[in-house]
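Residue 274 in this note's numbering is what sits at position 274 of the sequence shown, and the numbering runs on without skipping anything.
Beta carbons are placed, not taken as given, at the ideal position from N, Cα and C, and that holds for glycine.
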Amino acid sequence: MFSRGSHLGSSQLQNLLQIKLIFLRWPRPLCTCSPAENKPHPSMLKHLTSKIKSTGPISVAEYMREVLTNPVTGYYVRNNMLGVEGDFITSPEISQMFGELIGVWIISEWMAAGHPEQVQIVELGPGKGSLTKDILRVLHQLRSVMGGASVSVHLVEVSPVLSALQAQALTGSESHVTTEGEEPVYRRGNTPDGLQVSWYKRIQDVPPGFSVHVAQEFFDALPIHKFQKTPRGWREVLVDIDPDRDEQLRFVLSPNATLASTTLIQRREHVEVCAEGGVVLQHLSKRISERGGAALIADYGHDGTKTDTFRGFKDHQLHDVLTSPGSADLTADVDFSYLRRCAGGVACVGPVSQNSFLRNMGIDARLQVLLKNCPDLASRCQLLRSYHTLMDPGQMGERFQFFGVLPLSRVQRPRPQTGLNLDKTQRPAPLPVAGFTELKYA
Ligand SMILES: C[S@@+](CC[C@H](N)C(=O)[O-])C[C@H]1O[C@@H](n2cnc3c(N)ncnc32)[C@H](O)[C@@H]1O
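Structural data, given as structure tokens:
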């Protein structure tokens with residue numbers, strides 16, 4: 001069915017979607033989570049105000065980092081916020097089709113790399129573990145395609161609450177928190193198929209090796225710096241205590257240039273810069289250029305066109321970012337043009353809309369197969385509703401974008417063998433990248 005080193009062709013993709021995955025489960029209830037612990041957290045406000053009193057106003061990046069990932073009171077560290085009863089819902093929680101198609105993308109990139117014997121699946125910010133679970137099910141269904149490749153799973157997750165949920169989803173009771181000497185892995189486990197799963201706090205700690213990385217709604221949670229242009233030049237936006245209102249925070253402008261405002265603004269129109277996201281992208285680039293593999297980043301974002309996107313979410317509603325810090329998610333659109341500038345020694349593809357990516361990956365064929373296998377009308381309606389949520393331009397279809405990072409060799413024309421006098425046009429064309437190119441059915 002698949003030849004060595006070949007790209008996953010369109011008819012192969014169609015077969016794979018129709019035949020191999022036919023037994024996958026459906027539907028997933030929209031929410032299986034326990035209610036998020038959404039109460040305001042006074043200790044977070046107290047922590048922030050005492051920090052500001054002792055050091056002066058803090059950057060938006062520091063505010064976001066403390067609110068989201070402070071090891072004791074951080075929003076991600078304490079909460080399970082995903083699902084209908086939480087603060088927001090994400091694509092992998094909406095439909096299994098999302099993770100299945102990413103599973104197919106991973107196999108496609110593994111095949112394009114020439115079927116390496118070992119492959120690491122690395123997910124950054126895995127939430128409840130649903131995406132990796134759907135990916136692994138596809139890999140299991142397609143084990144005949146994967147041959148004897150040895151697969152391991154590496155999860156980068158800062159939250160102990162969410163890592164416990166991921167462990168439950170992926171390993172059942174087959175995981176344990178590691179002892180001190182085993183750092184930087186803080187949890188280990190095995191899937192029912194015997195794949196090893198390891199948890200880390202930072203991407204820098206994931207072992208080197210051929211890896212396909214997935215980051216779905218991860219970059220938008222990383223801290224951003226905000227800047228405003230003034231007659232005296234760029235000034236950083238900071239968070240201060242409001243002197244006129246008790247226990248309230250407010251935005252102020254730094255009186256002078258800050259280190260961030262002098263080093264991070266690369267182009268005039270940038271007013272939000274996610275330096276931490278840039279560091280992660282640089283690290284992914286290094287891993288991919290040195291050891292091969294790929295990264296797929298899916299998030300809401302823009303290509304350097306938007307300015308003020310910092311916002312909060314609580315109970316599926318917009319929430320003031322400075323009110324009850326620690327009780328709501330804080331997020332900012334991902335600037336893909338900035339990520340592209342941070343990449344080095346790799347090729348970047350996209351961003352393309354979620355609608356285009358999933359359509360190119362064959363979501364319509366997959367939907368038809370699942371519809372045929374739906375046991376009742378209610379399940380069919382649920383399936384169609386989820387499809388529309390993922391795909392409709394007015395819902396997630398246009399707002400969410402896919403961005404790929406690949407080895408340079410993946411998109412360059414291979415060099416002709418020495419001695420062959422071929423002109424450039426006769427060299428084999430680079431293989432298309434699934435999802436970013438429309439695959440035509442033969
Ligand atoms: C918005 S949720 C997305 C979850 C999941 N990918 C999904 O789409 O359902 C962000 C995820 O990234 C994790 N996270 C946020 N900041 C992080 C950081 N600095 N390092 C590692 N994980 C982080 C959160 O704990 C959570 O699992």
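| Asked | Found |
| --- | --- |
| Any idea what DSSP makes of Ala-452, helix, strand or coil? | The requested residue 452 does not occur in the structure, where the chain is confined to residues 1 to 442. |
| Contact between the region 222-232 and the region 57-77 is defined here as three or more beta-carbon pairs at a separation below 8 angstroms; is this criterion met? | yes |
| Should Ala-328 be labelled buried (16 or more other beta-carbon atoms within 10 Å of its own) or exposed? | buried |
| Where does Asn-355 sit, in a helix, a strand or coil, going by DSSP? | helix |
| Over what stretch of residues does the alpha helix (DSSP H) that includes Arg-468 continue unbroken? | Past the edges of the chain, shown from 1 to 442, lies residue 468, and the structure says nothing about it. |
| State the DSSP-derived secondary structure class of Gln-412, mapped to helix, strand or coil. | coil |
| Looking only at its chain, what residues have a beta carbon closer than 8 angstroms to the beta carbon of Tyr-186, apart from the 5 residues adjacent to it on each side? | Ser-163, Val-177, Thr-178, Trp-199, Tyr-200 and Lys-201 |
| If I measure Cβ to Cβ from Gly-278 and keep anything under 6 angstroms in the same chain, skipping five residues before and after, which residues do I get? | Cys-342 |
| Considering only the alpha carbon of each residue, which of Lys-51, Gly-56, Leu-131 and Ile-89 lies closest to Gln-317? | Ile-89 |
| Here's the rule I'm using: 16 or more other beta-carbon atoms within 10 Å means buried, otherwise exposed. How should Val-493 be labelled? | No statement about residue 493 is possible, as the shown extent of the chain runs from 1 to 442 and does not include it. |
| Could you give the DSSP three-state label for Phe-23: helix, strand or coil? | For Phe-23, the predicted model reports a pLDDT of 29, less than 50, meaning its position is unreliable; a value from the coordinates is still stated below. The answer is coil: DSSP assigns Phe-23 none of H, G, I, E or B. |
| Could you tell me whether the Cβ atoms of Phe-459 and Asp-303 are closer together than 9 angstroms? | Beyond the ends of the chain as shown, which are 1 and 442, falls residue 459; an answer cannot be given. |
| Looking only at its chain, what residues have a beta carbon closer than 8 angstroms to the beta carbon of Arg-25, apart from the 5 residues adjacent to it on each side? | Below a pLDDT of 50, predicted positions are generally treated as unreliable, and Arg-25, at 23, falls in that range; the measurement from the model is reported next regardless. Excluding sequence neighbours, Arg-25 sits near Gln-96. |
| For Glu-247, collect the residues of the same chain with a Cβ closer than 8 angstroms to its Cβ; drop the 5 residues on either side in sequence, then sort them by chain order. | Leu-45 and Thr-49 |
| What residue from His-319, Pro-407, Leu-170 and Ser-289 has the CA that sits closest to Gln-196's CA? | Leu-170 |
| What is the DSSP secondary structure of Leu-155, reduced to helix, strand or coil? | strand |
| Cutting at 7 angstroms between CB atoms, please list the residues of its own chain near Leu-68, excluding the five before and the five after it. | Gly-74, Tyr-75, Tyr-76, Ala-221 and Leu-330 |
| When you compare only the Cα positions, how much space is there between Leu-253 and Lys-229? | 10 angstroms |
| Helix or strand or just coil, what does DSSP make of Tyr-387? | helix |
| In terms of DSSP beta bridges, what is Phe-336 paired with? | According to DSSP, Phe-336 bridges with nothing at all. |
| Considering only residues of the region 234-299, which uninterrupted beta strand (DSSP E) runs meet the minimum length of 3 residues and lie entirely inside it, listed in chain order? | 249-253 |
| Report the partner residues of Val-405 according to the DSSP bridge assignment. | Ala-295 and Cys-348 |
| From which residue to which residue does the alpha helix (DSSP H) around Tyr-63 run? | 60-69 |
| Going by C-alpha to C-alpha distance, which of Leu-139, Val-104 and Glu-236 sits closest to Thr-191? | Leu-139 |
| Going straight from the alpha carbon of Gln-444 to that of Lys-286, what length do you get? | A question about residue 444 goes unanswered here, because the residues of the chain that appear run from 1 up to 442. |
| Taking just the CA atoms, how far does Gly-233 sit from Ile-107? | 49 angstroms |
| Under a Cβ-count criterion, where at least 16 other Cβ atoms within 10 Å of its own Cβ denotes burial, should Asp-463 be classed as buried or exposed? | As shown, the chain starts at 1 and ends at 442. That puts residue 463 outside it, with no answer to give. |
| Comparing C-alpha positions only, which one of Arg-235, Phe-403 and Ala-257 sits nearest to Ala-295? | Phe-403 |
| Just to confirm, are Asp-240 and Ile-52 a CB contact at a threshold of 9 angstroms? | yes |
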